[in-house]
Amino acid sequence: MINKQNTKFICAFCGKSNMNLIMDFGEVALAGGFLKPENFTNEQKFPMRVCFCNDCFAVQVVDIIAPETLFQDYFYFSSSIETLRDHFCDYAQEVTDRFLNPSEATVLEFGCNDGVLLRPLADQGIKNVIGVDPAENVVSSINDDRVTIKNSYFTEEIAQEIVSEYGQVDMIMANNVYAHIPNIQGTTRAVESALSDNGVFVFEVHYLGKVIEEMQYDMIYHEHLFYYSLLSAIEHFKRYDMIVFDIKSISIHAGSLRFYVSKKHSKHALTVSDAVKLLAEKERTKGYDKFWSFQEFANGVAATKKDLIFLLKKIKSEGKTIAGYGASGRANTMIQYCGITEDLVSYMIDDAPAKTGFFTPGSHLEIFPSSILLGKSAPDYVLVFAWSFFDEILKRNKNYIKAGGRMILPLPQVKIYPETE
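Just so we're aligned, residue 7 is where the sequence shown starts under our numbering, counting upward by one.
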């Protein structure tokens, strides 16, 4: 690992160059770039390096890929995952009860995907429900007259267009997208300008603390540019006269954090919750504002990779077959970082029909539906790349386990389920 200071990188948040390199993943194919065999020869690979800013504590991928390249053919459909559907139904009710007068409220979600949150917001009786998302193939699947869709990035121009039509927005939401935006400063300006004086910006992102504590290096890919700690978020919003007044830990995606943000003169800013104060102190103790904590993380990731490859090679040496489960961006980071090839994992399995028949980027493993686990050619082992959804995957595939199949969990520690007696 390279630890020395590298001043050629510029922080996307504060614009300074006081950056340290945490990990260098080398040249990798885009994690969301699923493809067909005829596209193999034209597949591009890009450098991927993760850095820490010593001035504002932001952890970020510094190799920026044009959004139109990343999202042109987007394959992530949130509504295909039961856990997420349930999560967003509860989420919609909670924020409505806490902050909104439904019959008069305007709520906007950018990065709305296939409407997995917009629909339950409409079910709450929200007057104006607006979704903004650039992935045309995904938003075209939303078929709900109660929802207004703008097929676009959430820019300052789009924000003003919405304000002109609907007035200032009572709540702006962003879920697993606020970490994806290269121009994070412009997007934050758009949020600040569209939000009403007592409005709330609520967003969920994967929490940096979980990434560090559980060695979740699979969360790192070009699409996920930023990895938020509370300390870095506080520093960021301070520059826009905004304040993090509350937070909530969320189990989704193996550990997310929900941020509640308002303008600093808002009624919500009068009381900063104890949860914010306690987590900020915990992060300082753990060194999330210091580079040494991320050096330790990089060393731990290297050890986890070694353990996984050792196990896969051992299983293969016994003449057993292995398939991967969960053809996601997270899986593709792990596959490419660990150097997993068809010699170790024969193919991939995924529950999203849109991915069937495609191949994983970089490694070119073919993707099959989970029904393959019910046939005579079912693999002896399944490497669960979607390990954060293990309980749901186990529930869906209990017959595979009953038939003698076994599952490998790659994180937080490498282990086999069921364990041998």
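Virtual Cβ for every residue (Gly too), placed ideally from N, Cα, C.
(request) Return the chain-ordered list of same chain residues with a C-beta closer than 8 Å to the C-beta of I253, the five sequence neighbours on each side being excluded. (result) Walking along the sequence shown from the start, residue 253 turns up at place 247. Only residues of its own chain outside the window of five on either side were considered, and among them L236, L263, R264, F265, Y266, S279, A281, V282 and L285 have a CB closer than 8 Å to the CB of I253, listed in chain order.
(request) Tell me whether D176 is buried or exposed, calling it buried when 16 or more other Cβ atoms sit within 10 Å of its Cβ. (result) In the sequence shown, counting from the first residue as 1, residue 176 sits at position 170. Classified as buried, D176 has 16 or more neighbouring CB atoms from the shown chains inside 10 Å of its CB.
(message) Check for me: the beta strand (DSSP E) holding S202 runs from which residue to which?
(response) Taking the sequence shown and counting its residues from 1, the one referred to as residue 202 is at position 196. Going by DSSP, S202 is part of the beta strand (DSSP E) stretching over L201 to H212.
(message) Taking only three categories from DSSP, how would you classify M221?
(response) In the sequence shown, counting from the first residue as 1, residue 221 sits at position 215. Under the three-state reduction of DSSP, M221 is assigned to coil, being neither helix nor strand.
(message) Please return the same chain residues whose Cβ sits closer than 8 Å to the Cβ of P126, not counting the five positions on each side in sequence.
(response) Residue mapping note: residue 126 aligns to position 120 of the sequence shown, counting from 1. So the qualifying residues of the chain are F94, C95, Y97, A98 and Q99.
(request) Pull up the distance between the alpha-carbon of F209 and that of S147, whole angstroms please. (result) The count along the sequence shown starts at 1 and reaches residue 209 at position 203. The count along the sequence shown starts at 1 and reaches residue 147 at position 141. Answer to the nearest angstrom: the Cα atoms are 23 Å apart.
(request) Take the Cβ of M7 as the centre, count every other Cβ of all protein chains shown within 10 Å, and call the residue buried at 16 or more, exposed below. (result) Counting from one through the sequence shown, the residue named residue 7 turns up at place 1. Here the model assigns M7 a pLDDT of 34, short of 50, so the residue's position is not dependable, and the following value carries that caveat. M7 counts as exposed, since fewer than 16 other beta carbons sit within 10 angstroms of its beta carbon.
(message) Our contact map puts E229 next to A72 with C-beta atoms below 8 Å; I'd like the distance itself, whole angstroms only.
(response) As a first step, residue 229 is located in the sequence shown; it is residue number 223 there, counting from the start. As a first step, residue 72 is located in the sequence shown; it is residue number 66 there, counting from the start. That pair is no contact at about 12 Å.
(request) Could you pull out every residue in the same chain whose Cβ sits closer than 8 Å to the Cβ of E198, ignoring the five residues on either side in sequence? (result) On the sequence shown, residue 198 is found 192 positions in, with the first residue counted as 1. Excluding positions up to five away in sequence, the list reads Y246, D247, M248 and K269.
(request) Compute the Euclidean distance between the alpha carbons of N157 and S369, then round it to the nearest angstrom. (result) As a position in the sequence shown, residue 157 is number 151, starting the count at 1. As a position in the sequence shown, residue 369 is number 363, starting the count at 1. If I take the Cα positions, the gap works out to 32 Å.
(request) Out of A409, L380 and V101, state which residue places its alpha-carbon closest to the alpha-carbon of V206. (result) Position 200 of the sequence shown, counted from the first residue, corresponds to residue 206. The residue with the shortest Cα to Cα distance from V206 is V101.
(message) For Y184 and K382, I'd like the C-alpha separation in whole angstroms.
(response) Translated into the one-based positions of the sequence shown, residue 184 becomes position 178. Translated into the one-based positions of the sequence shown, residue 382 becomes position 376. Those two C-alpha atoms are separated by around 44 Å.
(message) Using CA atoms only, rank isn't needed, just tell me which of D356, W298, D386 and F365 is closest to E398.
(response) Residue mapping note: residue 398 aligns to position 392 of the sequence shown, counting from 1. Of the residues D356, W298, D386 and F365, the one whose Cα lies closest to the Cα of E398 is D356.
(request) Write down the C-beta distance between K273 and N204 rounded to the nearest angstrom, noting that I regard them as a contact closer than 8 Å. (result) In the sequence shown, the residue the question calls residue 273 occupies position 267. In the sequence shown, the residue the question calls residue 204 occupies position 198. Contact between K273 and N204 holds: their C-beta atoms lie close to 5 Å from each other, under 8 Å.
(message) Taking only three categories from DSSP, how would you classify L1?
(response) This structure cannot speak to residue 1, because the chain is shown only from 7 to 427.
(request) Enumerate, from N- to C-terminal direction, the unbroken beta strand (DSSP E) stretches of 3 or more residues contained entirely within the segment 14 to 74. (result) Runs found: 25 to 35, 51 to 59 and 65 to 67.
(request) Can you tell me which of the three DSSP states S377 falls into? (result) By 1-based counting over the sequence shown, the position of residue 377 is 371. Helix at S377.
(request) Mind checking who V388 pairs with in its DSSP beta bridge? (result) For this step, residue 388 is matched to residue 382 along the sequence shown. V388 is bridged to A329 and M413.
(message) Using DSSP's beta-bridge definition, name the partner residues of V138.
(response) Reading the sequence shown from its first residue, position 132 is the one you call residue 138. In the DSSP output, where bridge partners are listed per residue, V138 has F116 and K156.
(message) Tell me the rounded alpha-carbon separation between T13 and G117.
(response) Here residue 13 is taken as the residue at index 7 of the sequence shown, counted from 1. Here residue 117 is taken as the residue at index 111 of the sequence shown, counted from 1. Only weak support exists for where T13 lies, its pLDDT of 45 falling under 50; the value from the coordinates is given anyway. Straight-line Cα distance between these residues: approximately 32 Å.
(message) Tell me which residue opens and which closes the alpha helix (DSSP H) that I399 is part of.
(response) Indexing the sequence shown from 1 puts residue 399 at position 393. DSSP places I399 in the uninterrupted alpha helix (DSSP H) bounded by F396 to R402.
(message) If I follow the unbroken beta strand (DSSP E) through L263, where does it start and stop?
(response) Counted from its first residue, the sequence shown places residue 263 at position 257. That run of the beta strand (DSSP E) goes S262 to K269.
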